[in-house]
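Chains as they are written, first to last, in our numbering: chain A, 19 to 357; chain B, 19 to 357.
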């Protein structure tokens, strides 16, 4: 899922996203509720109409941003009080309010409200946050507001195998439509991420529900996680790095600020069918970055989103025809050896 | 002509420009020669291929920017020495070099190198610059480098009727493919601009060559100038004001930073067929501006370029069917009463 934090995947239109092969996109409850507000989006017909995206939308619950971006004022068992990163105004999120906001936005999949903690904290604190996440999961499910919206639960537990198993048991026992893995890609090592996904995969066993790894990741991460049974991803990385001039290709990363590219008539990736690669040379996009032209960010974003979604398509094909290891060797290792 | 200063009409792709109805676009010799340089663009196949625009391109000669943006070091009869606004490096432009650069860029229409002066300067200085412009015009024409490139001359003379008549006589006597009016929209009043265009129109009489008013203008200016026989315009205004949130509609200007628009489900202009108006509400684009999202600048630019080119189409129709005055009353006056 390309990430549309503020009701737009940065620099791209819905038409660009369809052309890139996007199936579902993500919206951020924390940001949208602060601006333009969930109530305003509801009055304007919901998030799909507001941003003119006619495909599925998953909204997160705001938990991740509250614990990573906002100025926290109070966390208790009922919910979280924080001040906005935009204007310092005070807000409160509870499982019930997070579900209400997502019902107002009208996303197709809502996420339970969870508590994120640094996996490097003492185990007792990680365990406390996990237990609270379980209580909030049940309340989120009970607060489900609309029958046309699926709800996914979130497994926490840091990088501790016992806690992760307990969390899968607790969340898996609830009537969620899908299971998400939270609390990864937040500072732990790649080896810890892979080991934790192994634990989760084993604990979920043959649970048939879709599995979503939140906030991940890089091309190498996709291989690590798909190999461990993950179905769904969201990540800002493709568009965020694009805006710095980093594009992803079958041969690895390419930095469009590299002076040598100013004279390179080849497209970013000769095998890519995106608008940037069909029409433009590396030399041109490199020029646009140097000239700080808005089109630079757009073309690099179009490419990275297209390339990433095409990688996911090839990953699906590789699982069906048994060529996963070959694909990982050919592409994944250009982005760093997988654990 | 939408303006593609640095080999891009800001925020837009060639596909956007075609969809907006663009026929010809403008590239800036001053900017392109500093970065990425005319020689590099020539090595990469010329400006059309470099920016992937398959329609006609007109390049200016760099004169306007040298006299308005650069740090001038020396102006003599041979040419101009200046330091780059980018890195302080020293450069020289002469009529011959301006034509060489434009031949390297491979534009369809090249402009003669001219000297711009503030029309408010003492008449003797305006006259001196005009005389030099005439000498440079002859040298530009003599330096014409390629048979597939048209060359337009530029009439100067400030806002003085005698000088303008003399300039039309001098430039009109040369074998240019078109006649441009320079030195307007640089601080003179709207009444002075209209009066100067009257003088030029009378002096050109039934000269059959296309007439191009450089660097103009606003919607109101188009009516003023078309009424006085102008065929061609270029202006950064549609995209420049778009990036500040100002969009143009049949009902006049609309400021997308106006808080009331945050709840307005209507499109920017219900009669406009651009991507922004087909798919998005004022509320959405207003939100994007407040959130400083890149898509804001793109959608507002798509709209203003589309609306402006559609206005020009309607102006052409109005000349054919006699409805010019009605069209000016209905639309032009929403942008300020014409002189």
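Beta carbons are placed, not taken as given, at the ideal position from N, Cα and C, and that holds for glycine.
Asked, Found
"May I have the straight-line CA-CA distance separating residue 195 (chain B) from residue 317 (chain A), to the nearest angstrom?", "37 Å"
"If we define contact as Cβ-Cβ less than 8 Å, is residue 241 (chain B) a contact residue for chain A?", "no"
"Any beta-carbon of chain A closer than 8 Å to the one on residue 306 (chain B)?", "yes"
"Would you say residue 137 (chain B) and residue 201 (chain B) are within 8 Å of each other, going by their C-beta atoms?", "yes"
"Who are the neighbours of residue 293 (chain B) on chain A, taking C-beta pairs under 8 Å?", "31 and 33"
"Between residue 46 (chain A) and residue 270 (chain B), what straight-line distance do the alpha-carbon atoms span, to the nearest angstrom?", "35 Å"
"Would you report the Cα separation of residue 93 (chain A) and residue 128 (chain A), rounded to the nearest angstrom?", "22 Å"
"Mapping DSSP to helix, strand and coil, what is residue 295 (chain A)?", "helix"
"So residue 20 (chain A) contacts chain B; which residues on that side make the cut at Cβ distance below 7 Å?", "Result: empty, since nearest Cβ-Cβ is about 13 Å, beyond 7 Å."
"Which class does residue 349 (chain A) belong to by DSSP, given the choice of helix, strand or coil?", "coil"
"Grouping DSSP H, G and I as helix and E and B as strand, with all else coil, what is residue 237 (chain B)?", "helix"
"Can you look up residue 232 (chain B) in the DSSP assignment and give me helix, strand or coil?", "coil"
"Could you spell out where the beta strand (DSSP E) holding residue 59 (chain A) opens and where it closes?", "Element bounds for residue 59 (chain A): not the beta strand (DSSP E) but the alpha helix (DSSP H), 56-61."
"With DSSP run on the structure shown, which of helix, strand or coil describes residue 100 (chain B)?", "strand"
"Residue 360 (chain B) and residue 260 (chain B) look like a contact to me (Cβ under 8 Å); what is the Cβ gap, rounded to whole Å?", "Any property of residue 360 (chain B) remains undetermined from this structure, which presents chain B solely from 19 to 357."
"Could you tell me how far apart the beta carbons of residue 124 (chain A) and residue 64 (chain A) are, in whole angstroms, since I believe they sit closer than 8 Å?", "3 Å"
"What are the residues that DSSP puts in a beta bridge with residue 20 (chain B)?", "B:253"
"Check whether the Cβ of residue 282 (chain B) sits closer than 7 Å to any heavy atom of the ligand PLP, and report yes or no.", "No copy of the ligand PLP occurs in the structure displayed, which carries no ligand at all."
"Under 8 Å, CB to CB, which of the residues in the region 53-70 of chain A have a partner in chain B?", "53, 54, 58, 61, 62, 63, 68, 69 and 70"
"Are the Cβ atoms of residue 39 (chain B) and residue 327 (chain B) separated by less than 8 Å?", "yes"
"For residue 142 (chain B), which three-state DSSP category applies?", "helix"
"Give the interface partners of residue 301 (chain A) over in chain B, defined as CB-CB distance under 7 Å, in chain order.", "62"
"Once DSSP output is grouped into helix, strand and coil, what is the label at residue 92 (chain A)?", "strand"
"From what residue to what residue does the alpha helix (DSSP H) around residue 119 (chain A) run?", "113-123"
"Give a yes or no on whether the minimum CB-CB distance between residue 28 (chain A) and chain E is below 8 Å.", "The chain inventory of the structure shown lacks chain E, comprising the protein chains A and B."
"Check whether chain A comes within 8 Å of residue 362 (chain B), counting only Cβ atoms and requiring the distance to be less than that.", "Residue 362 (chain B) lies beyond the range of chain B shown here (19 to 357); nothing can be said about it."
"Closer than 8 Å, CB to CB, is residue 159 (chain B) near chain A or not?", "no"
"Under 8 Å between C-beta atoms, does residue 275 (chain A) make it to chain B?", "no"
"Could you tell me the alpha carbon to alpha carbon distance between residue 226 (chain A) and residue 297 (chain B), rounded to whole angstroms?", "38 Å"
"Which of the three DSSP states, helix, strand or coil, is assigned to residue 129 (chain A)?", "strand"
"Three Cβ pairs or more, each shorter than 8 Å: is that satisfied between the region 276-288 of chain A and the region 341-357 of chain A?", "no"
"Checking 8 Å against the spacing of the C-beta atoms, do residue 323 (chain A) and residue 30 (chain A) come in under that value?", "yes"
"Which value, in whole angstroms, describes the spacing of the CA atoms of residue 182 (chain B) and residue 174 (chain B)?", "6 Å"
"Specify whether the region 250-266 of chain A and the region 233-240 of chain A touch according to this definition: at least 3 beta carbon pairs, one from each stretch, less than 8 Å apart.", "yes"
"To the nearest angstrom, how far is it from the Cα of residue 192 (chain B) to the Cα of residue 119 (chain B)?", "21 Å"
"Tell me which residues of the region 257-288 of chain B have at least one Cβ-Cβ distance to chain A shorter than 7 Å, keeping chain order.", "280, 281 and 283"
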